[in-house]
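Trainee:
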Ligand code: HEM
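Residue numbers (our numbering): 1 to 438.
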């Protein structure tokens, strides 16, 4: 698909509209309407206030691509550790911690959500369990899971693309990778919601209590699996993590709590993000037939398919925003941030910036610089699971258009509901109709 001529290369050169000024003065990411249709707010921020303080959220929203690069290059000034753990169960942190200690086998802070040099050690040990090598070997197995799932629904003519396709698919694959029991879709979905809600800033106390119960159940389950693999290692990631070793001495292996937190992180990060990407894929197939056609034409060409996946991730990033906290006073894009300032990196806004991505709303699989998207983050925290994610999305996209066609929404797009979190933009459900092609 050709790139359309750029309408506004540097949007800051265009005069702000009254609506953009209103959004800067009044809007908050916590408003469901803004969460649902965030692009106008992103544009307003990039143009008028790129380091924008959202008073309701009590966070600075970082909307421009180059500012996100600056932050990713300096993981000490812009701390994940402080940003993430300060966010945990915000408002209920003590009570949340106590419940996990008493009923969940322990409170295990996310070891990967940390800063160098501690993060460097953890990341190296995690990567040992997570190599591109393992993912490549997995392609035929992923293809089989995808084919079986599509074949089981192909004659039905209708499905919920989130509940019947995206979630079962990513759940089966991550369970297989980690070495968990098959078909735990409902349980993993509840666990994912519970864990994601802890950084989402949209839960009340009653919800926090329910989520804490789920996280206890998750940890008890994982701890039992880890004990099994300690005694009897297998070809799976739990075994790799439990037995990971990098050098000699105490630091060369993961402490028990670190290992629990890493397995928990992989299960959640690997599930909801990729399922969100698959939901976005199906939504686009239903609503933009020209893109569905582009995909059909690309299905037998690995290069084009890979580009399709990358452009999909750029135009609809599953992870919308993740947090950092400043560890010292620092100036960013003309704004002086105090020590302890809480930031949200708005990945979706950066991917939409017209002077970085020409005509950013055009889905262009020949886009020259699509790899500059920040959907997998960047710097030392760049997504460790990106090879697996790309593979899953690629195989799913290919098999969907090979086997099914005539995708249509069975719901008004305005009726789509999203999970209550600012971290991702995840559809709860997506009823569609389709036909079988072969
Ligand atoms: C389309 C799917 C995915 C997307 C969009 C995505 C996105 C991201 C992003 C944006 C980050 C950076 C976080 C930051 O800047 O703080 C990240 C980190 C991470 N991702 Fe993914 N991810 C995906 C799939 C996966 C999968 C399949 C796994 C594992 C099975 C995974 C595991 C992780 C982990 C452990 C980190 C933390 C890395 C670190 O801090 O060193 N992700 N991901």
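A virtual CB, placed ideally from N, CA and C, is assigned to each residue, including glycine.
Since the structure is predicted, the reported quantities are computational estimates derived from the model, not experimental observations.
1. Please return the same chain residues whose Cβ sits closer than 6 Å to the Cβ of residue 8, not counting the five positions on each side in sequence.
2. Got a sec? Which residues, its chain only, sit under 8 Å from residue 85 by beta carbon, not counting five neighbours each side?
3. In terms of alpha-carbon separation, which member of 297, 396, 409 and 359 lies closest to residue 150?
4. Judging by CA-CA distance, which residue of 171, 55 and 372 is the nearest neighbour of residue 145?
5. Kindly list the residues whose CB is nearer than 7 Å to the CB of residue 239, restricted to its own chain and excluding five residues on each side of it in sequence; keep chain order.
6. Starting from the Cα of residue 321, find the closest Cα among 372, 162 and 344 and give me that residue.
7. Is any heavy atom in the ligand HEM found nearer than 6 Å to the beta carbon of residue 278?
8. Contact between the stretch 275-285 and the stretch 417-428: three or more CB pairs below 8 Å?
9. Determine whether the beta carbon atoms of residue 161 and residue 432 lie at a separation below 7 Å.
10. Taking a contact to mean a Cβ-Cβ separation below 7 Å, would you say residue 125 touches residue 266 in this structure?
11. Quick one: grab the DSSP three-state call for residue 166.
12. Check whether the Cβ of residue 269 lies closer than 6 Å to any heavy atom of the ligand HEM, and answer yes or no.
13. Measure the alpha-carbon distance for residue 213 versus residue 77 and round it to whole angstroms.
14. Identify, in the order they occur along the chain, each residue of the same chain with its Cβ nearer than 8 Å to the Cβ of residue 408, setting aside the five sequence neighbours on each side.
15. Is it buried or exposed for residue 21, if we count other Cβ within 10 angstroms and need 16 for buried?
16. Start and end of the beta strand (DSSP E) containing residue 330?
17. Note down the Cα distance separating residue 399 from residue 44, rounded to an integer number of angstroms.
18. Are the Cβ atoms of residue 306 and residue 174 separated by less than 7 Å?
19. Could you name each continuous alpha helix (DSSP H) segment of 4 residues or more that falls completely within the stretch 4-37, going from the start of the chain to the end?
20. Less than 6 Å between the CB of residue 175 and some heavy atom of the ligand HEM, yes or no?
21. Based on the DSSP secondary-structure assignment, which residues constitute the bridge partners of residue 418?
22. Output yes or no for whether 7 Å exceeds the beta carbon distance between residue 347 and residue 374.
23. In three-state DSSP terms, what is residue 56?
24. Taking the alpha-carbon of residue 104 as reference, which of 290, 185, 66 and 220 has the nearest alpha-carbon?
25. Touching or not, the stretch 63-83 and the stretch 324-332, by the rule of three or more beta carbon pairs under 8 Å?
26. Do you know how far the Cα of residue 268 is from the Cα of residue 120?
27. I need the DSSP call for residue 435, collapsed to helix, strand or coil.
28. Do you know offhand how far residue 83's Cα is from residue 342's?
29. Give every residue of the same chain whose Cβ lies closer than 7 Å to the Cβ of residue 46, excluding the five residues on either side of it in the sequence, and list them in chain order.
30. Please go through the same chain and pick out, in chain order, the residues whose beta-carbon is closer than 6 Å to the beta-carbon of residue 100, but skip the five residues on each side of it.
31. Counting only runs of 3+ residues fully inside the stretch 161-238, write out the beta strand (DSSP E) ranges in chain order.
32. For residue 323, which beta-bridge partners are listed by DSSP?
33. Determine, using beta carbons only, whether residue 60 and residue 51 come nearer to each other than 7 Å.
34. Roughly how many whole angstroms lie between the Cα atoms of residue 69 and residue 301?
35. Please list, in chain order, all residues of the same chain as residue 243 whose beta carbon is under 7 Å from its beta carbon, the five residues on each side excluded.
36. Rounding to the nearest angstrom, what Cα-Cα distance links residue 299 and residue 401 in this structure?
Mentor: In short, the structure shows the following:
1. Below a pLDDT of 50, predicted positions are generally treated as unreliable, and residue 8, at 49, falls in that range; the measurement from the model is reported next regardless. Closer than 6 Å at the Cβ level, and outside the excluded window around residue 8, lie 14 and 354.
2. 109, 110 and 113
3. 396
4. 171
5. 179, 229 and 233
6. 344
7. no
8. yes
9. yes
10. no
11. helix
12. yes
13. 35 Å
14. 286, 432, 433 and 434
15. exposed
16. 330-332
17. 39 Å
18. no
19. 18-26 and 32-36
20. no
21. 427
22. yes
23. coil
24. 220
25. yes
26. 21 Å
27. strand
28. 6 Å
29. 11, 63, 64, 349 and 353
30. 107
31. none
32. 344
33. yes
34. 32 Å
35. 233
36. 8 Å
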